[in-house]
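**Q**
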Amino acid sequence: MMALFIVGLSLGLAMKFELLAPGKTIMGAQDYNATFTLHGIIMIFLIVVPGLPAVFGNFFLPILIGAKDVAFPKLNLLSWWIYIVGATIAISSQFFGDGPPDTGWTFYAPYSFKTGTNMLPAVLGAFVLGFSSIVTGLNFIVTIHRLRCPGMGWFKMPLFVWSLYGTAWIQLLATPIVGITLVMVILERTLNIGFFDPALGGDPILYQHLFWIYSHPAVYIMILPAMGVISEIIPTFSQKHIFGYKAIIISTMAIAFVGYFVWGHHMFTSGMSGTALYTFSLLTFLVAIPSAIKVFNWVATLHKASINLKTPLYWALAFMFVFMVGGLSGMALGALATDVYLHDTAFVVGHFHYIVFGGTGFAFLGAMHYWFPKMYGRMYDAQWANTGLVIMFIGFNALYAPMFYLGMIGMPRRYFDYLPQFHAANILSTMGSWVMATGFFIVLINLIRSSRNGAPAEVDPWHGKTLEWTVPSPPPVLNFDEIPTLGEDDGPYEYK
Amino acid sequence: MSSEEKHHIVSYKTYLFILLGLITLTLLSVGITNIELREYTVAAALIFAAIKSYFVLYYFMHLKYDKPLYRRMAMFVFLLFFAVLFVTFIDYVNR
Ligand code: HEM
Ligand SMILES: [Cu+2]
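Protein sequences, first through last, are from chains D and F.
Residues 1 to 496 in this note's numbering are what the first sequence spells out, letter by letter.
Residues 1001 to 1095 in this note's numbering are what the second sequence spells out, letter by letter.
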């Protein structure tokens, strides 16, 4: 997965390089289209959707609830192999047939069944990857229902577990919809059925409905586990009980549920009925409330806490900053009048990178620095980790903040070329991409080096109170010699 | 399910009834396409399909005789699905 991420990152850098100057810099229109398509497919379907649940969920979910393993270890292995197969199929689209796909990661009809490029493997790959997601979701739900250790009531579970629970339900119930949608695209392409083709009585907007019925909940598959990670890091480094434990749980489940009903905000300009437009806009504003609740809870937890300033907390703070920027720009897009103007501009690209990269990406790196000692049994070099973080944070903002400005002065997304008045901000943005990549590689290399020769880690280096800090670092194969039992006053965040 | 648990045995008569019911419903759902319902055609087809799957799930798949938890879970999924369709129809019917 790391390798795939670096490929995706390189594609992103290549696009930014193309946008360094107006006109053709390193590639033309067709190559640019193929590049953003592959970048989107890799980043969304292969990295951020499975990332946190697969890496940290599989490792820490059982430990956090005091179990020896997930409920179905073999199903788990199966989902990994499905992932490999799906990834291979999706990437194979690049190497044979009539050229790499050029539709963008959203595979919008009618273009996705009209274009001459090699769409079938890309769509089939995404379809197969969906199964991996469903199987993981199922596994986590059963694990959480059945394998909690004695005394671990529902309201004693750590918040990361709760976030995985909400996510798992979305994975289980929303993914089949994109599965069937992708099958419909495949059938449309091969057999000319006429689901989406107006010439055959189909409806192209139906495609957008079906696609976003999954893909909006999917953005919560990406962000909920990230919020869960932040909800673990903040109490540990505040040495304080998390503020509003139940409120965070309720907001997690509310996001998971209401998130099903806001998909239309991706379709404000595609010709939906007026009634649908304002319904979706209203629902979109509603779903932002639980996210805001969490941010307030995190801030309240930090208030008057004995704060222990360490790398994972820096990541959590960086997360909160970029997540707020991303969320508030989402409000601008969720309002009908502003979205009609901003839709399909660089503003949207800024919005979702702030949330997906800044949110999920930073939370992933935060989780990495939080649980690294536990996973590898070694400490990392904090100095280098912090240096990398600062460089990456500066680069990140230099890269994506100009996109808000560019979107507002009218630069459309998904073009390899632009008008001269957009030049200055694009230079800043491209340079930001270099700074950010530098920071990222510092972080990465530091972690890789430390995993080999860092100082041995203690059992509980951060003085956390959740169960993973009671087992050796790294944990033995079956996590616990003896299944732990929680007493009346034990809980995930009981700091004295 | 462990082998000690009692399996509920459903009589052939019940199965036959359900089968006939399903066939009737299928005929009806074909028949209704003759009536011009415009944008509600799809809704009509979905309603028939929903009633049919209810019978299949309840009797043929034994949901009726299982623990109530399973029933509630299946119910929840259906309600969610219904809600999603309902929201889609807000667009479809008002275009
Ligand atoms: C406060 C919450 C949020 C609101 C109100 C919001 C609103 C929106 C709106 C209205 C759009 C469509 C813009 C357009 O195409 O004109 C959009 C796009 C997008 N959002 Fe959000 N969003 C929110 C949170 C999130 C989260 C949490 C994620 C992911 C973790 C996310 C990921 C995306 C992505 C990937 C797109 C672009 C999809 C594409 O067209 O390629 N958003 N958002
Ligand atoms: Cu959305």
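The C-beta atom is built at its ideal place from N, Cα and C for all residues, glycine as well.
A quick note: this is a predicted structure, and the numbers were derived from the prediction, not measured.
1. If you draw a straight line from the alpha carbon of residue 350 (chain D) to that of residue 451 (chain D), how long is it in whole angstroms?
2. Just to make sure I have the definition right: I need the residues of chain F whose C-beta is within less than 8 Å of the C-beta of residue 273 (chain D). Which are they?
3. So, are the CB atoms of residue 252 (chain D) and residue 163 (chain D) less than 8 Å apart?
4. Quick check on the DSSP output: the alpha helix (DSSP H) that includes residue 432 (chain D) runs from which residue to which?
5. Do residue 165 (chain D) and residue 193 (chain D) have their beta-carbon atoms positioned less than 8 Å apart in this structure?
6. If you measure from the CB of residue 265 (chain D), is any heavy atom of ligand 2 nearer than 7 Å?
7. Comparing the C-beta of residue 1043 (chain F) with each C-beta of chain D, is any distance below 8 Å?
8. Within 7 Å: the Cβ of residue 39 (chain D) and any heavy atom of ligand 1?
9. So is the beta-carbon of residue 342 (chain D) under 7 Å away from any non-hydrogen atom of ligand 1?
10. Can you give me the C-alpha to C-alpha distance between residue 130 (chain D) and residue 228 (chain D), rounded to a whole angstrom?
11. Which parts of the stretch 307–355 of chain D are runs of the alpha helix (DSSP H), unbroken and 4 residues or longer, counting only runs that do not cross its ends?
12. Would you mind sorting residue 154 (chain D) into buried or exposed? The rule is 16 or more other CB atoms within 10 Å of its CB.
13. What does residue 1080 (chain F) reach in chain D if we use C-beta pairs closer than 8 Å?
14. Contact criterion: CB-CB distance below 8 Å. Does residue 209 (chain D) meet it with respect to chain C?
15. Assign residue 1017 (chain F) to one of three DSSP states: helix, strand, or coil.
16. Candidates D:287, D:231 and D:45: which alpha carbon is nearest residue 128 (chain D)'s?
17. From what residue to what residue does the alpha helix (DSSP H) around residue 232 (chain D) run?
18. Can you determine whether any heavy atom of ligand 1 sits closer than 7 Å to the C-beta of residue 359 (chain D), and answer yes or no?
19. Which of the three DSSP states, helix, strand or coil, is assigned to residue 62 (chain D)?
20. Whose CA, out of D:71, D:217 and D:331, lies closest to the CA of residue 135 (chain D)?
21. Using 10 angstroms around the beta-carbon of residue 479 (chain D), count the other beta-carbons present and answer buried if the total reaches 16, otherwise exposed.
22. Give, in chain order, every residue of the stretch 1058–1086 of chain F whose Cβ lies closer than 8 Å to some Cβ of chain D.
23. Pick out the complete beta strand (DSSP E) segments inside the stretch 243–296 of chain D, 3 residues or longer, and give them in chain order.
24. Quick one: what's got a C-beta closer than 7 Å to residue 287 (chain D)'s C-beta in the same chain, skipping five residues either side?
25. For residue 276 (chain D), which residues in chain F fall below 7 Å Cβ to Cβ?
26. Please classify residue 456 (chain D): does DSSP put it in a helix, a strand, or coil?
27. Do residue 491 (chain D) and residue 156 (chain D) have their CB atoms nearer than 8 Å?
28. Could you tell me which of F:1095, F:1048, F:1062 and F:1068 sits nearest to residue 1022 (chain F), measuring between CA atoms?
29. With which residues is residue 472 (chain D) paired in a DSSP beta bridge?
30. Using the three-state DSSP reduction, which class does residue 158 (chain D) fall into: helix, strand or coil?
31. Can you tell me whether residue 209 (chain D) sits near ligand 3, meaning its C-beta is under 7 Å from at least one heavy atom of the ligand?
32. Taking 7 Å as the cut-off, is the beta-carbon of residue 48 (chain D) closer than that to any non-hydrogen atom of ligand 2?
**A** Looking at the coordinates:
1. 34 Å
2. 1090, 1091, 1092, 1093, 1094 and 1095
3. yes
4. 423–453
5. no
6. yes
7. no
8. no
9. yes
10. 22 Å
11. 311–334, 336–342 and 346–352
12. exposed
13. 173 and 260
14. The chain labelled as chain C is not found among the protein chains of the depicted structure, namely D and F.
15. helix
16. D:45
17. 204–238
18. yes
19. helix
20. D:71
21. buried
22. 1077, 1080, 1083 and 1084
23. none
24. 255, 258, 259 and 262
25. 1090, 1091 and 1094
26. strand
27. yes
28. F:1048
29. According to DSSP, which records beta bridges pairwise, residue 472 (chain D) is partnered with nothing at all.
30. coil
31. Only ligand 1 and ligand 2 can be found as ligands here, which leaves ligand 3 out of the picture.
32. no
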